[in-house]
Every structure is written in C-alpha cells, then in structure tokens.
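Encoded as structure tokens, the structure appears first; notes follow it.
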Amino acid sequence: MAAPAPAPTSDIDTKRYDRQIRLWGLETQRGLQGTRLLLLRATGLCNEIAKNLVLAGIGHVSIADPDAVSQADLEHGGVFSLSKDNLGSNKAEAMASRLKELNPSVEVEGIPKPLEQLTDQELRSFHIVVGTHGLQGVDDLAAATDRLCGAGGEPAAAPNGNGNGKKRLRDEAPEAKGNGSHEIVPTRSGAMPQLLAAGTLGLFGFCALDLMAHTHRVVKKAKKEDEEPPPPEHFVVRYPALRDAFRVGWRSLDRRTPRLYAALQLLLRGGGQEEVEARRAERLEEDGLKETFLREPLTAEYVATVVRHAATELSPMCAIVGGTVAAEVIKLVEIAAGKGQVAPINNVLLFDNSDGAQAAGITGRFGPAFRTDDGGVDKGTPQPVAA
Amino acid sequence: MASHTSRRTQDVESLTGCDLKGVRVLVVGAGGIGCELVKNLVLSGFEHITMIDLDTIDYSNLNRQFLFRAADVNESKAKVAKKAVLAFPHAASLSIDAHLGNIKDTEQFGPDFFKTFNIVLNALDNVDARRHVNRLCLSVGIPLIESGTEGYVGQVRAIVKGKTKCFDVCARQVQKTFPICTIRNHPEKPELLFKKLFGGEETDLVLWEKRRPPVKVELAKLALPDAAATAREEQRAWSVEESAAVLLASVERIFTQRASEDDDDAMDFVAAAANLRCATFHIPLQSRWEIKGIAGRIIHAIATTNAVIAGFIVLEAFKVLRSVQAAGGDLSKASIDACRYCVCNRHLSGPKENQLLLRMRLEAPEPKCYVCTGSTSTLELDTASFTVRSLVVIKFLSFNKPTIDLTNELADKTVLLWEGEDEGGGEEGELHGDKPLDSLPVKLGPGVVLEVEDTTQALKCKIALTHTLLDKEEHPSGFRFIAAADEAAAGPPAPAEEDSPGGDGSRKRRKVAEGDAAVAGAEPSGGAGSGVVVADDDDDVIMLE
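Protein sequences, first through last, are from chains A and B.
The working numbering puts the first residue of the first sequence at 389, with every later residue one more than the last.
The working numbering puts the first residue of the second sequence at -15, with every later residue one more than the last.
Printed below as a string of structure tokens:
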C-alpha cells in the first residue's frame, strides 16, 4: 500500500467542501480524494460509513458482499440505500449505485464477492479496509492479516480451542492488570491496509483497529505568544493484530474495563443464548473469578442481553458507530496527509448504550506487548521516533 | 411490510421497550442534523413525522446534508428531505408532513400545533429558534430533545418540564468575543480586524512605543496588477499590491453597479481591504478564502458529527417515550432517570480521555430560571439611550411577540409599553416604543419591573432595569443581563475570557460546544451600537452590516 496520492487543488470542489476544508484543511481534503477504501458487507453500518465518506469526498469506495438483497434487508435495520427494485440483485452493487448519487466525484463500486475471494493484490490496492459486519468481521480480517503478513508475531495456535483456535492470553501473575500486555510477542512486519473491524449489536457496538506500527505527530503550542512553537514530535504506536485484541485473559483486565469487552469475547465464538452462558460460567470458573471481577459485573443477564441484541441492527446505532468509524478514517487520512494532531483510537472502542452503562463510547488498549528491535518492551504506548 | 406493526417498530420495541405505534414526532430543522435524524426516524419505524424548515438548499450543504443533490439547490429543505426519505425502505404506515416555514411563525406553529405531538426533536442551528422551541415545549408540556453540533463536537439532551434544566439557562454562555479595545488599538490577528474593520486612524502614539508602529500603504507608489485575475486566486494570500488592486476594483463595482448584495463583490472588497489593514498592523496577509471564513464566521460542519448526534437524539427519544408510556402518558409522572446528556468528542485529556462519546447525568431545573419560573432577572444598561423598541429586538432575550408592561410594584402602577406585533406592525402596537427607558410614564426605581408576556412562547417573566453606563469596550452590546439564578453567586458576570487583553490565553477551547449556533447566536447582539446581525440561515453566519 503506497501513501495516498494527493489530488491537485484545481480538482477540489472548494464550494461543496467549504465547511469541512475549513475544519481539516486542503491537505486532508486532497488526501481523502486520493484514498481508496474497502468496506466489507453491505450492512446498515456499511451504509452509514460509506455515506459519510462519500459525502466527505473520499476518492474511491468499494463494497464487498456476495449476497443478494433480501426482503429482510428492507424490513429491518439501518440500510437506506436499497429499495424494492433491488430485491434479488447483488447487495454491494445495488448499494454502491445508490451511494454514487451522493457525490458524483467519488468512485463507488460493488464487489459481489466475500473478502476471502479478493486476491492479495486487490486487497493491497486499498489504503483502509473496514469490516462492518461485527464479530464475523474480526475473524475475516484476522484471516486476511494472516494472509497478507503471515501469522508472525502471534503466539502459535493452541490445541485447546480457546479464542478462535488461538491460545488465549493467560496470566500467570494475577496482579498483572495490563489488558494482556504481560505477554510479549515479536514486532510484526509486512504490508497491509489499515484495518478497522466494526459492528453494531442492537444498542451495543464496537470498533477495533489494527494499524501495524503507526506513526502520528504531536504539535505543541509555543509556551509564550511571541515564541516559535517547538517542532512537532513523532510517535509510533504498535497495534496488536485484531485477533490478539480480542484474546486478552480476564484476569489481566483492568477492573474499569467495560464489561462489553468480555461479553464480545464470549460472542466471538458464536452460538445461542445457552451456549454463550455456558461459556461465561466456564471461563469464570477456569480463571477463578467472580462475575464482579469487573466494576460493572459480568452477569448472566448482561451477557444474555448482548446476545439478544446481537441479532438486530438499529438505525440510530448504525449512525453513531458509523459516524465514529468514518471520523476515525478521516483522522487516519489527516495523519497520512501530515496534518493530523489527534492520535487514532488505540486500539478498541466499545459502545454500550444500554441503560446504566458508564459512558457511550470508551476506548482501551487490549493485546500483548511487543519485543522491540533494541530488546525493549513496548506495551502499546506511543514511542517517540525521529520524523 | 403491510403488517399492522412494522418489523422496524417491533425491533425497536423489543430492544428499547419503546412502542412507536401512533407516536407523533415533530422534527424542527431539515439541515445537517435534520437530514440524518429523519433518516433514523424512518428506519426506526416512526410512523408520523412532521418536519419544518424555513430554509432552502445551498450548494455548500451537499458535503453533509445527504438527502439533497446539486439539482435540488434553492428548493425547500423540508420538502426535498421528505421526498428523499420516502425512497428509503420504510413501513407502509409511514406518513410525513413537510413544511417550508419558520418555527417562530406562531400563526401556523403555535401552542395548539405543538400539543398534537408526543415529542419534539430540535435539529436547529441557531440559538434564537432553539430558545423559542424550548419555551413552547415547556409551556405545553411536551418533551424536547435538544441538539447541536460544531465541527467535531456535538451534544444531545432531553429537556422535560420540571425535571431538567431548560435550554434558556444553558444558552447563556459566553462566546468567543474580542474586547473592542484590543481591536481598535493594536490588532494582532486577522480575526480582530473584523469587529471594527476600518476604524479611525490611531492617535495614541504612546501605544506604539512597545510595538511596531503601523506602516502606511501608499497607493501612488504601488504597481497595481490585474484585479480580476487576482480575485480568482482564492487559496493564496494576495500581496499588498494585489490587495490594493482588488480593493479599488471591488469598491468601484460596489458603488457603480450597486451590487452589494452580490456575495463575490462584497467578499472581494472585504478581503482586499482587510489585507491592507493587515499590512498596516504587521499581521500576516490572509487568503480570500480564509478571510471569508473569519468575516462570515462560517461554522464548521461535517457529516460524521451530525450522524452521531442524530443517532443519540433518537436513542434519547426512545427513553423519554418509553417512560411516558410507562407513566400512562403523564409526562409529569414519567421518570427520566435513564436519559443522559450525550456528547460527541474528538479529543479529550484528563480522567475522561478514554471516553470518546460521553454520557452525563442531566442537570436538574434551575430553581430561579426566568423562563421556567418567571422569576425576576436584571438588565443593566444606559436607560437614556435604550428605547422600548431596542429592548424588544435584543436577540439575547429571544422575544417573539411580547407584551411588555412597566410596573411599579410598590405603587401598584402599570403602563403598557409594547404589544405583540413586531415593530412595523402598523396597528396600535407601540405606544411608547421609541421613548428612552428613563422617559417613560412610570419612573424607574426600586420595585419597578418590566413584565414581559409572550403568548406565542407561553413566556412570562420579569426584568428589572438598572441604569448603568457600561464600558463600551467590555460590553459592546451596551447591556448586561443578570439572570435571577446568577444574582446570588455572580459577581460581575463579565467572564475572564472576555476581559483578558488580547491574549491568546483568552481563547481557551471550550470542551463542549453548545452547538452550531451557540457560537454565533449566544452573543448579546442587536443592542444599541452593535452592528452585528445574526442571519437565520442554516449556516448561521454573522454578517457585518
């Protein structure tokens, strides 16, 4: 993946984009117009993310989905760029053709295939790939990661079957509340697009990022008004692979971790209400934990609620998660354009809009630490680097 | 799809406990938030949606108002939005009413109209209209979900009579303003030039001892390039020579063709003249595009924030509707414990830095709020120069068609000062409209208050007048409003941000924006001596007169 090719100023419709260029600048707008985005599955969340970025003037959007438009797509959920006329046609292509109307300067394309049928070369032609189909997207993107840069850096698969066929991160020391960072893995290498896995589950939602080693800059203001501001500093943040982001052992979780994180782990392996509940009880027992190991207790009732919600897409949640994910994509483009001043989410964002949840959207860093080239340990915090 | 209860309605009921069957919702505003909101409502299975917007579509809306296309420019936002969402998958029972109209037009949209709805959702961008809707909803007892966005930030909250703070209390925020002294004497930033764009020349030479004195731009010594070609260069800062050329050309056009309403001519003039002033005061020259942003005070607006906020509006609406249903339709008995003040944030620091979307408890009603409770607030101004008419038009007070009595409560004496219609009404409306406040039949003094009643907003409040000669530089609007609730706690309310002399530190970034328009609209304006008018359009631009 090469850096997005900037568009020349004369190609930018400054009148259409006036209200946003004033916010993020021409460089970011140019960067957006040179960005190629792939969205997996034509969900309501996909529809929202695509709408936001097509409006903003992204260069190219592809939507990959092998399925045909069904009656259910029209009767439920957050999809708006489909209608009765599309029944039976490919969902990605139908949605793409509607989305084009939002902004004639954006290329929008439907790919009637699942992710696994895209070649490595096709995948690498995108700067950013977003899974919009929830936990299944985590699995799909984890498989793509293995394909594009090998499974290097990830612990070998364990035969016990915990956590998607990979060994779950287990704490030897119960006091290691580092959200998985007590485990140390080698740094990863390879070229792949920036990955975001996002999903809505009724009133719940999440977004997880894998940006490999990602550099952002921090601009500080001058201490005094008449002084020159200090030169911008650059920081690299090493992201765990998506699969590792969802594999953190419960004994390692900080008590303030939103309980949705633990619930999502249980749902990752699929199954109905009873299966998931059995898995919850088994995990707690195995780890010697009570359900109050998190400040918001991981009760059977809570997990059952998440399972019940997982089957249904709600339009306002698609709007909230889709707006946040699209804003994150723009942030990545802004950083690539050399303009960004806000670091991207590192690495998981959890949405819980059920009653009584502590906040609607909380970020946290989940996953192992890395052994750096100089023999040090990087727990995923920003490390200063030369520009 | 034609079943009695749509699948969408069923989905919402099973996950949120809110029954949308028969619910009538009013959406005020079909702009940035409104487009997103009506989409969410349709896809959630709301059946009866009414939308109002007075605005027509502008090309610069198309980066976010996704229901509109280039071919719809100059059409009614509400009507085009209705047509667009009917093409979305929706329940067979959906009905949408779209009105091109001003929500403040109480002939059409008065209390009786509001009473026909179960809930009102604000998707507005100006504080004036938001206050009006707030007052009406409070008076007729309909729950309101209030929202606002600016750039990357936005917020949503429910407003329920007797249970939460009302919007008027929250709207009394101080916006970014610059003290006139800084502007007049030593402007250091282009922003500062626009308050007093072309003030008199400086005579105070002491001022320049510690600063670089202004330099003269001498027209006769400049080699002027082609003005028309320069004016097309939007992204590059014009040189002094180029600015002078564009200035002369645009002044000529403005005065010969009288085309001042033409945006481009006015903008050429402002940009060129501003740059010449910049040169005089050693301020870096700016591009025409940047100057347009500053002079027009264009509010940043993006699709992503609007989408998030519109999502939260619907989630909060579900909670309010659910509680009202649980209370058998009685709003006063409904619990709003589950409702939250929702904030979309881009960047936080401190203990909440991991919270990208915040939820906070709603604040309780202000016990002495002049809108909710009709208690007495104080207005400090020069009573010799302010007239009744100038009071009525103070945007800060957001009166619509007020009846104003001046009452001496001690002597039981009352005189009617103003009745209903806006100024030019032609009827017997104004009785004492143009008299200074200190020359009215009831003399100001202890126990003398203005009793304001605005039936179109169901507002009743009292305002005491205090004669004060305020420092024009600190209070360019010429008045200071002290709400009843503030009196006890407040010293002089003039906030530090406003008073610190011209410094950068004076403009701390607000963590939470009150919304698009708070920025433009919350400023006391329209008083004597203020040349600032808030335009009522979607982008809420302040235009210089």
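Glycine included, every Cβ here is placed at the ideal spot set by N, Cα and C.
Sequence-distant residues of the same chain with beta carbon closer than 6 angstroms to residue i, five excluded per side
i: GLY489 (chain B); result: Low per-residue confidence applies at GLY489 (chain B): pLDDT is 32, beneath 50, and the placement is therefore not dependable enough to give any value.
i: THR423 (chain A); result: PRO392, ILE446, GLY447, HIS515 and VAL721
i: GLY231 (chain B); result: It should be pointed out that residue 231 (chain B) corresponds to Leu in this sequence rather than to Gly. Counting only Cβ-Cβ distances below 6 angstroms, and skipping sequence neighbours, we find ALA256 and ALA257.
i: SER227 (chain B); result: ALA256, ASN259 and LEU260
Three-state secondary structure assigned by DSSP to residue i
i: SER361 (chain B); result: strand
i: TYR43 (chain B); result: helix
i: LEU523 (chain A); result: helix
i: LEU(-1) (chain B); result: helix
i: LEU189 (chain B); result: Per-residue confidence for LEU189 (chain B) stands at a pLDDT of 48, beneath the threshold of 50, marking its modelled position as unreliable; the derived number appears in the next sentence. Residue state, collapsed to three classes: helix.
i: GLY637 (chain A); result: coil
i: GLY132 (chain B); result: strand
i: THR700 (chain A); result: coil
i: ILE80 (chain B); result: strand
i: MET35 (chain B); result: strand
i: TYR325 (chain B); result: strand
i: THR440 (chain B); result: coil
i: VAL573 (chain A); result: strand
C-beta neighbour in chain B for residue i, strict 8 angstroms
i: HIS622 (chain A); result: no
i: ASP743 (chain A); result: yes
i: HIS464 (chain A); result: yes
i: ASP479 (chain A); result: For the sequence presented, residue 479 (chain A) should be read as Lys rather than Asp. LYS479 (chain A) does not count as touching chain B.
i: TYR405 (chain A); result: yes
i: GLU722 (chain A); result: no
i: VAL695 (chain A); result: no
i: PRO732 (chain A); result: no
i: LYS439 (chain A); result: yes
i: LEU702 (chain A); result: yes
i: MET483 (chain A); result: no
i: GLY419 (chain A); result: no
Neighbour list for residue i in chain A, Cβ cutoff strictly below 7 angstroms
i: GLN339 (chain B); result: ALA747, GLY749 and ILE750
i: GLY135 (chain B); result: LEU411
Residue i at chain A interface by Cβ criterion, 8 angstroms
i: ILE320 (chain B); result: no
i: GLU218 (chain B); result: yes
i: VAL(-5) (chain B); result: With the sequence shown as reference, residue -5 (chain B) is identified as Asp, and Val is not the correct amino acid for it. Yes, its Cβ sits closer than 8 angstroms to a Cβ of chain A.
i: SER44 (chain B); result: yes
i: HIS530 (chain B); result: Here chain B has residues from -15 to 529 only, and residue 530 (chain B) is not among them.
i: ARG196 (chain B); result: no
i: ASN58 (chain B); result: no
i: SER307 (chain B); result: no
Residue i: contacting residues in chain A (beta-carbon distance under 9 angstroms)
i: THR289 (chain B); result: GLY711 and ALA715
i: LEU607 (chain B); result: Lying before the first or after the last residue shown, residue 607 (chain B) is absent from chain B, which here runs from -15 to 529.
i: ASN102 (chain B); result: Simply none; closest approach about 17 angstroms.
Close-in-space but distant-in-sequence residues of the same chain around residue i (CB under 7 angstroms, 5 per side omitted)
i: ARG48 (chain B); result: GLY16, ALA285, ILE286, ALA287 and ASN290
i: GLY146 (chain B); result: SER316 and PRO349
i: ILE437 (chain A); result: LEU427, VAL518, THR520, GLY710, VAL713 and ALA714
i: GLY347 (chain B); result: According to the sequence as given, residue 347 (chain B) is Glu; it is not Gly. Answer for GLU347 (chain B): THR148 and LYS149, listed in chain order.
i: GLU621 (chain A); result: ARG605, VAL606 and PRO772
i: LEU203 (chain B); result: ALA228
i: ASP766 (chain A); result: ARG626, ALA757, PHE758 and THR760
i: TYR690 (chain A); result: ARG647 and ALA651
i: GLN(-6) (chain B); result: none
i: ARG535 (chain A); result: ASP508
Own chain, CB closer than 8 angstroms to residue i, minus 5 neighbours either side, in chain order
i: LEU641 (chain A); result: LYS565, ASN567, TYR649, ALA650, PHE681 and LEU682
i: ALA54 (chain B); result: TYR43 and LEU46
i: ALA707 (chain A); result: GLU436 and GLY466
i: VAL372 (chain B); result: ILE388, LEU401, TRP402, GLU414, HIS416, GLY417, ASP418, LYS419, LEU421 and LEU424
Under 9 angstroms by beta carbon: chain B residues contacting residue i
i: THR402 (chain A); result: GLU218, GLN219 and TRP273
Within chain A, the residues that residue i reaches when beta carbons sit closer than 8 angstroms
i: CYS326 (chain B); result: ALA748
Partners in chain B for residue i, counting only beta-carbon separations shorter than 8 angstroms
i: GLY593 (chain A); result: Here the premise fails: no neighbours, minimum Cβ distance about 10 angstroms.
Validate contact between the segment 511 to 525 of chain A and the segment 568 to 582 of chain A using beta carbons, cut 8 angstroms, 3 pairs: Taking 8 angstroms as the limit for Cβ pairs, the verdict is that the segment 568 to 582 of chain A does touch the segment 511 to 525 of chain A.
Stretch-stretch touch, CB-based, cutoff 8 angstroms, three pairs: the segment 446 to 461 of chain A with the segment 483 to 500 of chain A: The segment 446 to 461 of chain A is in contact with the segment 483 to 500 of chain A.
Three-pair Cβ contact test at 8 angstroms for the segment 629 to 636 of chain A versus the segment 528 to 536 of chain A: By the C-beta criterion, the segment 629 to 636 of chain A is judged to be in contact with the segment 528 to 536 of chain A, since at least 3 inter-stretch pairs fall below 8 angstroms.
Contact between the segment 39 to 47 of chain B and the segment 115 to 132 of chain B (3+ Cβ pairs under 8 angstroms): Between the segment 39 to 47 of chain B and the segment 115 to 132 of chain B there are fewer than three inter-stretch CB-CB distances shorter than 8 angstroms, so the stretches are not counted as touching.
Validate contact between the segment 415 to 422 of chain A and the segment 687 to 703 of chain A using beta carbons, cut 8 angstroms, 3 pairs: Too few Cβ pairs lie closer than 8 angstroms, so no.
Three CB pairs or more closer than 8 angstroms across the segment 741 to 748 of chain A and the segment 717 to 732 of chain A: Segments in contact, no.
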